[in-house]
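Here the protein sequences come in this chain order: A and B. Read left to right, the first sequence gives residues 115 to 234 (this note's numbering). Read left to right, the second sequence gives residues 3 to 109 (this note's numbering).
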Amino acid sequence: QVRLQESGPGLARPSETLSLTCNVSGGSTAYYYWHWVRQHPGRGLDWIGRIYYTGGTSYNPSLTSRLTISLDTPKNQFTLRLMSLTAADTATYYCARSPSGSPRVYFDAWGQGILVTVSS
Amino acid sequence: DFQLTQSPSSVSASVGDTVTIKCRASHSVRNWLAWYQQKPGTAPKLLISAASDLAGGVPSRFSGSGSGTDFTLTISSLQPEDFATYYCQEASSFPLTFGGGTKVEIK
């Protein structure tokens, strides 16, 4: 059974760049899409972006100018880089998986989430 | 902008009750809608995809219906472990969108 685990800093400074990694174990990254979703404290879920196992990406337009998602296939992990952080980026960040082979996007596996606080 | 509107935002119910949660899309999404359950401090869990297909391991007391713009999640015979927040998610266009959530609380 696949397991996703986020890692990265719990505290980041305003204007800096956040880098989070999602490690995928118990399965391959092949033939899936790999996503980042965030949840502001006490709020709902916001889709950040995704990367396909071949490297193609799609980003939320609200974050495109600050966002990069990359995939390291040999290490079975993918990474989020979010630049120019503000307090509004304080959230729990989840990595998640959706199967390919269908235009429908459903998240069938999730990491446990990592709380990132942006503060000086 | 595309929107998913859930109602109610919260509902109080007792064990054994039937709970109905609505999700309305601002334009048709055919049946490309999912439902998730999230308990405090944990990640969301997929309950239903394609509006009505139960995900593996999900109890049959959960059911989904609807197409186009109006969808329903029904929880029959509510169990203690069902008290959680439920989200709908549109699965057909980008950026992917979630509803605002419905919190099911113990009465």
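In this text, a Cβ means the ideal position worked out from N, Cα and C, and glycines have one as well.
Rank A/Ser-142, A/Cys-136, A/Leu-199, A/Ala-223 by C-alpha distance to the C-alpha of B/Leu-49 and give the top, closest one.
By one-based count along the second sequence, residue 49 of chain B stands at place 47. For the residues A/Ser-142, A/Cys-136, A/Leu-199, A/Ala-223, the minimum Cα distance to B/Leu-49 belongs to A/Ala-223.
By the criterion of Cβ-Cβ separation under 7 Å, what are the contact partners of B/Ala-36 in chain A?
What you label residue 36 of chain B is simply residue 34 of the second sequence in a count that begins at 1. Tyr-220, listed in chain order.
Kindly indicate the opening and closing residues of the beta strand (DSSP E) around A/Lys-189.
Start at 1 with the first residue of the first sequence, and residue 189 of chain A comes out as number 75. It is not in any beta strand (DSSP E) - A/Lys-189 carries neither H nor E in the DSSP assignment.
Using DSSP with H/G/I as helix, E/B as strand and the rest coil, what is A/Ala-202?
Here residue 202 of chain A is taken as the residue at index 88 of the first sequence, counted from 1. A/Ala-202 falls in the helix class under three-state DSSP.
Looking only at its own chain, which residues have a Cβ that is under 7 Å from the Cβ of B/Asp-3, when we skip the five neighbours before and after it?
Here residue 3 of chain B refers to the residue found at position 1 when the second sequence is read from its first residue. Closer than 7 Å at the Cβ level, and outside the excluded window around B/Asp-3, lies no residue.
Which residue wins for smallest C-alpha separation from B/Pro-97, given the options A/His-149, A/Ser-133, A/Ser-214?
Counting from 1 along the second sequence, the entry for residue 97 of chain B is found at position 95. Checked all of A/His-149, A/Ser-133, A/Ser-214; the closest Cα to B/Pro-97 is A/His-149.
Report buried or exposed for A/Asp-186, applying the criterion of at least 16 other Cβ atoms within 10 angstroms of its Cβ.
Along the first sequence, read from residue 1 onward, the residue named residue 186 of chain A stands at position 72. Exposed, since its Cβ has fewer than 16 Cβ neighbours within 10 Å.
Let's test the definition: count the other Cβ atoms within 10 Å of the Cβ of B/Pro-46 and tell me whether it reaches 16, buried, or not, exposed.
Reading the second sequence from its first residue, position 44 is the one you call residue 46 of chain B. Flag for B/Pro-46 reads buried.
Span of the beta strand (DSSP E) holding A/Arg-117?
Within the first sequence, numbered from 1, the residue matching residue 117 of chain A stands at position 3. Looking at the DSSP string, the run of the beta strand (DSSP E) that includes A/Arg-117 is 117-121.
At a Cβ cut of 7 Å, what residues of the region 77-91 of chain B count as close to chain A, listed as they run along the chain?
Per Cβ criterion, the list reads Tyr-89.
Is DSSP giving A/Arg-180 helix, strand or coil here?
Here residue 180 of chain A refers to the residue found at position 66 of the first sequence. If DSSP states are grouped into helix, strand and coil, A/Arg-180 belongs with the helices.
What's the C-alpha gap between B/Ser-12 and B/Glu-107?
Translated into positions along the second sequence, residue 12 of chain B becomes position 10. Translated into positions along the second sequence, residue 107 of chain B becomes position 105. Roughly 7 Å between the two C-alpha positions.
Between the region 53-64 of chain B and the region 188-205 of chain A, are three or more C-beta pairs nearer than 8 Å?
At 8 Å Cβ cutoff, the stretches do not touch.
Determine the DSSP secondary structure at B/Glu-83, reduced to helix, strand or coil.
Against the second sequence, residue 83 of chain B aligns to sequence position 81. Helix, per DSSP.
I want to know whether the region 138-152 of chain A touches the region 69-81 of chain B - three or more CB-CB distances under 8 Å.
With a cut-off of 8 Å, the region 69-81 of chain B and the region 138-152 of chain A do not count as touching, because too few Cβ pairs lie within range.
Can you find a CB in chain A that lies within less than 8 Å of the CB of B/Gly-59?
Counted from its first residue, the second sequence places residue 59 of chain B at position 57. No, because no Cβ of chain A sits closer than 8 Å to the Cβ of B/Gly-59.
Can you look up B/Asp-3 in the DSSP assignment and give me helix, strand or coil?
As a first step, residue 3 of chain B is located in the second sequence; it is residue number 1 there, counting from the start. B/Asp-3 falls in the coil class under three-state DSSP.
Determine whether the Cβ of A/Trp-148 lies closer than 8 Å to any Cβ atom of chain B.
In the first sequence, counting from the first residue as 1, residue 148 of chain A sits at position 34. No, A/Trp-148 does not count as interfacial toward chain B.
Please decide whether B/Ala-52 counts as near chain A, where near means a Cβ-Cβ distance under 8 Å.
For the purposes of this step, residue 52 of chain B is identified with residue 50 of the second sequence, where counting begins at 1. Yes, B/Ala-52 counts as interfacial toward chain A.
Would you list, in chain order, the members of the region 174-203 of chain A that have their beta-carbon closer than 7 Å to a beta-carbon of chain B?
Those residues of the region 174-203 of chain A that come within reach of chain B (Cβ to Cβ, closer than 7 Å) are Asn-174, Pro-175.
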